[in-house]
Amino acid sequence: MSKQKLHSAKDSSDRTLLVGLKIAGERSLLALDDSLDELTLLARTAGLYVVGQTSQQIASVNPKTLIGKGKVEEVKALAEELDASVILFDDELNPRHQRELEEVFGESRRVLDRTALILDIFAQHANTHEGALQVELAQYEYRLPRLTRAWTHLARQAGGGGGRAGGVGGVGLRGPGETQLESDRREISQRISQLKKELEKVRAHRGRYRAQRKRARVPVVALVGYTNAGKSTLLNALTDSQVYVANKLFATLDPTTRKVELPGGREALFTDTVGFIQKLPTTLVEAFQATLEEIKEADLLLHIVDITHPNVHEQAEAVLETLEEIEAEHVPVLTVLNKIDRLDDPEAAQRVLEDFENAVAISALRGQGLEALLAAVGRKLYETLSPLDVLLPYEQGALIALFHEQGQVDRVEHTRKGVEIQGRVPGRLLARYSPYLKNSRSVTAEAD
387 MSKQKLHSAK DSSDRTLLVG LKIAGERSLL ALDDSLDELT LLARTAGLYV
437 VGQTSQQIAS VNPKTLIGKG KVEEVKALAE ELDASVILFD DELNPRHQRE
487 LEEVFGESRR VLDRTALILD IFAQHANTHE GALQVELAQY EYRLPRLTRA
537 WTHLARQAGG GGGRAGGVGG VGLRGPGETQ LESDRREISQ RISQLKKELE
587 KVRAHRGRYR AQRKRARVPV VALVGYTNAG KSTLLNALTD SQVYVANKLF
637 ATLDPTTRKV ELPGGREALF TDTVGFIQKL PTTLVEAFQA TLEEIKEADL
687 LLHIVDITHP NVHEQAEAVL ETLEEIEAEH VPVLTVLNKI DRLDDPEAAQ
737 RVLEDFENAV AISALRGQGL EALLAAVGRK LYETLSPLDV LLPYEQGALI
787 ALFHEQGQVD RVEHTRKGVE IQGRVPGRLL ARYSPYLKNS RSVTAEAD
């Protein structure tokens, strides 16, 4: 959608008050204060100027306003005292919360939540047609149930990367009549349907491209990690390329693929992907399916971790949870502990390594540890073999040939149903053979 920012920092219309919430018994990766610190970074990335914050611990969510009635009045008074025109919640507001809070705080103040903010940041940073389509879809699906006469925030982003959304760009800016709202809902629903069709074409195109790569026998390594962990910096260091890098959250969204030479002269394709974050909006995960399939279909994941971050373990857990959510937990993972150059004690890197299974410590910025990293990638892709016992139909000739080319064949038997092959293959190939396993337990013995 439109890349126009929410306004420049310190603009009076962008003075922002943060509101955090801790619900008793509800699991959260980050402590309340840490989550608000992260929300501050997100706000700054979007161009907002944070003037204060407040929080509340409650036993259960208020069905009308999320936070308690007394806290609502406290937030309203604090916003007036700080001259805050934006009230930003760290948790997603449902449509009712949105309506009730907007009514209490008045039309002079915008009510945003973390989801709306992340969608806005994505809108600013989507530089390709595909990225713009994905963000636009996520924003419209978020907007649709929240349309009210007072619903004006993010209206600037309507238009789809420079106006592709056409007639819905003014949603929320015209009269309050019910007829207008119904018209807006209908137009947005039509646009959502159109965007899904366009993105389905993108997914089909990516699928054909991945099929070509598989036929070329070049393995794919996807870089994943918490936002700002250093994925783009690492890709630049490994390939001497110029992928955009910035010290801000979600600096790059669009996947970039480069060829990397591994020890022994073998090659792999390394793909930089969108950064993850705690409370990643569901609408974004759904809209970015075409991009996230690059992760699901990869042969190996490099999980880039910022070793210097105070919440390093929580960030790593957030990434692993997202991988599970997008059904990519079957892909082998090599953990890469980045930014060791920032550690006061070099020995600390080695100690942190002990906390992560199957990890390599590096500094992508300084080029430290890259040889060891590439050696580890080579071992995972080519040298580590896992036992496999499959029955391959005769029409799966490519898989039969691949087993002979890159695996170790111990036994072959031709039957009426197909070719039974028992042996060992690189761990990165296990997913391709999973539909044809004779013994489901044959993949559990994968070596690391």
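Residue numbers (this note's numbering): 387 to 834.
Positions of the beta carbon are idealized from the N, C-alpha and C atoms, including for glycine.
Please give the ranges of any alpha helix (DSSP H) in the region 667 to 742, keeping only runs that are unbroken, at least 4 residues long and fully inside the region. The qualifying runs are 668 to 673, 675 to 682, 698 to 711 and 732 to 739.
Since I believe G616 is in contact with N724 (beta carbons under 8 Å), could you give me their beta-carbon distance rounded to a whole number of angstroms? Correct: roughly 4 Å between the Cβ atoms.
CB-CB under 8 Å to E713, same chain, minus the five flanking residues each way: which ones, in chain order? Excluding residues up to 5 positions away in sequence, K682 lie with their Cβ nearer than 8 Å to the Cβ of E713 in the same chain.
Kindly indicate which residue of E488, L452, L767 and L751 has the alpha-carbon position closest to the one of E653. Of E488, L452, L767 and L751, the residue nearest in Cα terms is L767.
Assigned exposure category for Y780 - 16 Cβ within 10 Å defines buried: When all chains shown are included, Y780 counts as exposed.
According to the Cβ coordinates, are V719 and H689 closer than 8 Å? In contact: V719 and H689 (Cβ atoms closer than 8 Å).
Can you tell me whether L403 is helix, strand or coil according to DSSP? Residue state, collapsed to three classes: strand.
Here's the rule I'm using: 16 or more other beta-carbon atoms within 10 Å means buried, otherwise exposed. How should V488 be labelled? Note on identity: in this sequence residue 488 is Glu, with Val being the wrong assignment. Buried, by the Cβ-count rule.
Spatially closest choice to D727 from L751, H591 and S421, by CA coordinates: Among L751, H591 and S421, the Cα nearest to that of D727 is on L751.
Ignore the nearest five residues each way along the sequence and tell me which others in A745's own chain have a CB closer than 6 Å to its CB. Excluding sequence positions up to five before and after A745, its CB lies within less than 6 Å of the CB of T721, L723 and L739, all in the same chain and listed in chain order.
Going by the beta-carbon positions, is the gap between Y612 and Q484 smaller than 8 Å? A distance of 8 Å or more separates the beta carbons of Y612 and Q484.
Along the chain, where does the beta strand (DSSP E) that runs through G809 open and close? Element bounds for G809: V805 to P812.
Using beta-carbon positions only, say whether A623 and I507 come within less than 8 Å of one another. No, the pair does not count as a contact, with Cβ atoms beyond the cut-off.
For the putative contact between V588 and E516, defined by C-beta atoms under 8 Å, what is the C-beta separation to the nearest angstrom? Right, their Cβ atoms sit about 5 Å apart.
Spell out a yes or no on whether the region 435 to 444 and the region 457 to 473 are touching, meaning 3 or more CB-CB pairs, one atom from each, closer than 8 Å. Enough Cβ pairs lie closer than 8 Å, so yes.
From A509, T514 and Y528, pick the residue whose C-alpha is nearest to that of V521; which is it? Considering only alpha carbons, the answer is A509.
Span of the alpha helix (DSSP H) around R430: Annotation for R430: the continuous alpha helix (DSSP H) segment containing it runs L418 to T431.
Which partner residues of I473 appear in the DSSP bridge assignment? DSSP output for I473 lists L403 and V497 as bridge partner(s).
Compute the minimum distance between the beta carbon of E647 and the heavy atoms of the ligand COA, and state whether it is under 7 Å. Inclusion of the ligand COA in the displayed structure is not the case, the ligand content being empty and no account of it being possible.
Please state if the CB of V461 and the CB of I473 are separated by a distance shorter than 8 Å. It is a contact, given that the beta carbons lie within the stated cut-off.
Continuous beta strand (DSSP E) stretch holding P773: start and end: Element bounds for P773: L771 to L778.
From R594 to Q808, what distance separates their C-alpha atoms? Straight-line Cα distance between these residues: approximately 30 Å.
C-alpha distance - D477 paired with G804, whole-angstrom precision: Cα to Cα, the separation comes out at about 53 Å.
Count the other C-beta atoms from every protein chain shown that fall within 10 angstroms of the C-beta of Q576, then say buried if there are 16 or more, exposed otherwise. So Q576 counts as exposed.
Mind checking T801: buried by the 16 CB within 10 Å criterion, or exposed? By the 10 Å Cβ count, T801 comes out exposed.
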